[in-house]
Structure formats: C-alpha cells, structure tokens
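There are 2 protein chains.
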Amino acid sequence: MFKPLDPLLHSQLRLAVMSLLISVEEAEFTFLKEKTESTAGNLSVQLDKLEKAGYIEIEKSFRGKRPLTTCKITKKGIEAFEAYVDNLKNYIQ
Amino acid sequence: MFKPLDPLLHSQLRLAVMSLLISVEEAEFTFLKEKTESTAGNLSVQLDKLEKAGYIEIEKSFRGKRPLTTCKITKKGIEAFEAYVDNLKNYIQ
DNA sequence: TAAATAGGTTTACAGTATAAACCAATTTAT
DNA sequence: ATAAATTGGTTTATACTGTAAACCTATTTA
C-alpha cells in the first residue's frame, strides 16, 4: 500500500532539482539556483548528496575565467525519480 | 513554478496518515498503525503534530476498559492536503 | 501472582535542512 | 593602483525532524 519513499528524493529542494534535470538533461548551478529559488549553500549541499547517491553527475570547469558547475541526471537518477513518483501516487490518490 | 510544500505534510508517515483519513473520515490509532506499518511511538508523535496544526482531531475514549484513540481529518486538513497535492504535481510532472 | 498483551506516551539521539559565514577570483568604481 | 562589489560557489554551525527505544498503566492469560 504505502511503499517507502526514497528519502533522498523526498526533500523539497532535491526533488525540485531532479525535476528540472529530468527535463533539461543538463543544467548549470546558477540555473538550478534561480529556478529553485534556493540559496547557493543549500543547493551545494543537496547537489553533493545527489551526486554521492549516483543520481546526478557534477562537472566542474570554467567559463572564461569563472568557475562553472554543471549537473546532469544519470540513468540511476531517472529510475529513482520514476520509482519515487510511482510510489508517491499511492499516497496522494 | 516550485511552490513550497507544506512541511507538515511532506513527511512520509504524516502523509500516509492524511491519505488514509481523507478516504475513511475516521480511524482508530491501531488501524492507522497497521496500515502505515509504523511504530506506535512514531505514530503518536506524528498524530500530535497533525493535531496541533489543526489538520486532524483526536478523540480519546474507552472501548470496554481499554483506551481508544480515534482520529478524524478536519476541513483545514482536507484543504491542506489538496493544496499539497496540487503543489507537488509541479515537481513530479 | 507472574508474565504477556494492549494501547499508547515520553524521550534520547541520529539525521536533515538551512542560513550564515567564508573563500578565491574577477570586475567595476574611485 | 586599490578599494569595493560581484560571481560562483563551499564549509560549518545550528535548529529542526524523524525515529526507535524505553517507559507507563491497565488488562488479560497462564
């Protein structure tokens, strides 16, 4: 009936990030920050967690002379997101 | 885009409880405990929070000689649940 | 009369989320 | 030149949350 909800995804900010990444495939830190209206600190921490779980990949580079952090959802991340949504439906329908 | 999710409802156990109460209108503690597969302690704490938020009403009585705790969702609770679900859809669609 | 069960509540602790403080480099203003 | 502001983040301190374990009172069963 109520299957457990992946705690990594059951978090407002991380869920928003995954939701964005699933549609755009790849996104910059600042893009995620704007869209989620989060602080940089909070976002940084939550991206770390998603990366450690293998749900996203984070690439650090430079654009011109400035640091640039790019995030991309992984196959594992997509599957986890889809499973989460499926489970969640039992709770809200 | 990503509206804030009511933190009181964005919790696996409390959401499950609200989901049950919205369909049955009234339920006993032990019923909720079985359906949610939670421990009594955890359930007790979370029911308290839902009550303090005005989302449910808790009535304590006796069945025979044993204590009986009955929970009922309030109008405010129903509205909060519906708003939560609406907001959540932005995240998972 | 001791042990198990029912029906919970309280509480201690670990985990989580968040903002504030910080950092290094770059750009802009003086 | 150099001070101040901005960019693009990370680290860290703290408050908040979730949970199980311990506990409690009464009842039933052995």
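Residue numbers (UniProt numbering), protein chains in the order written: chain A, 1 to 93; chain B, 1 to 93. Even glycine gets a Cβ: it sits at the ideal position worked out from N, Cα and C.
Q: Throw me the rounded Cβ distance for the M18/B and F81/B pair, which I believe falls under 8 Å.
A: The residue you call residue 18/B lines up with position 18 of the second sequence. The residue you call residue 81/B lines up with position 81 of the second sequence. Between F81/B and M18/B the Cβ distance is about 5 Å, and since that is below 8 Å, they are a contact.
Q.
Please return the same chain residues whose Cβ sits closer than 8 Å to the Cβ of K49/A, not counting the five positions on each side in sequence.
A. Numbered from its first residue, the first sequence carries residue 49/A at position 49. Closer than 8 Å at Cβ, skipping near neighbours: L8, R14.
Q) Quick one, which of E25/A, T74/A, S44/A has its alpha-carbon nearest A53/A's? A) On the first sequence, position 53 is the one that residue 53/A refers to. Taking only the C-alpha atoms, the option nearest A53/A is T74/A.
Q | Residue burial classification, T36/A (beta-carbon count within 10 angstroms, cutoff 16) | A | Translated into positions along the first sequence, residue 36/A becomes position 36. Buried, because 16 or more other Cβ atoms sit within 10 Å of the Cβ of T36/A.
Q. By Cβ distance below 8 Å, which residues in the same chain neighbour S11/B in space, the five residues on each side in sequence not counted?
A. Within the second sequence, numbered from 1, the residue matching residue 11/B stands at position 11. The answer, listed in chain order, is Q46.
**Q.** Per-residue contacts from L88/B into chain A (C-beta, under 9 Å)
**A.** Along the second sequence, read from residue 1 onward, the residue named residue 88/B stands at position 88. Here the neighbours are L15, L88, I92.
Q. Taking the alpha carbon of L5/B as the point to measure from, which residue in I92/B, N87/B, Q93/B has its own alpha carbon closest?
A. Here residue 5/B refers to the residue found at position 5 when the second sequence is read from its first residue. Per the Cα distances, N87/B.
(Q) I'd like the ranges of any beta strand (DSSP E) spanning at least 3 consecutive residues and lying wholly in the UniProt domain "Winged helix DNA-binding" (13–92) of chain B. (A) The qualifying runs are 26–28, 56–63, 66–73.
**Q.** Which listed residue (E79/A, K33/A, R63/A, E59/A) has its alpha carbon closest to that of I22/A
**A.** Locating residue 22/A in the first sequence gives position 22, where the first residue counts as 1. Comparing Cα positions, the closest option is E79/A.
**Q.** Buried versus exposed call for L32/B [16 or more other C-beta atoms within 10 Å across all chains shown]
**A.** Along the second sequence, one-based indexing puts residue 32/B at 32. A residue is called buried once 16 or more other Cβ atoms fall within 10 Å of its Cβ, and L32/B is buried on that count.
**Q.** Straight-line gap, K65/B to A16/B (C-alpha atoms, nearest Å)
**A.** Residue numbering aside, residue 65/B sits at position 65 when the second sequence is read from its first letter. Residue numbering aside, residue 16/B sits at position 16 when the second sequence is read from its first letter. A16/B has its alpha-carbon roughly 29 Å from the corresponding atom of K65/B.
Q: For F62/A, I'd like the list of residues in its chain whose CB is within less than 8 Å of its CB, leaving aside the five on either flank, ordered along the chain.
A: Residue numbering aside, residue 62/A sits at position 62 when the first sequence is read from its first letter. When the five nearest sequence neighbours on each side are left out, the beta carbons in the same chain lying within less than 8 Å of the beta carbon of F62/A are those of L68, in order along the chain.
Q.
Please tell me whether C71/B and A27/B are closer than 9 Å, where the distance is taken between their beta carbons.
A. As a first step, residue 71/B must be located in the second sequence, where it is residue number 71. As a first step, residue 27/B must be located in the second sequence, where it is residue number 27. Yes, the Cβ-Cβ distance between C71/B and A27/B is below 9 Å.
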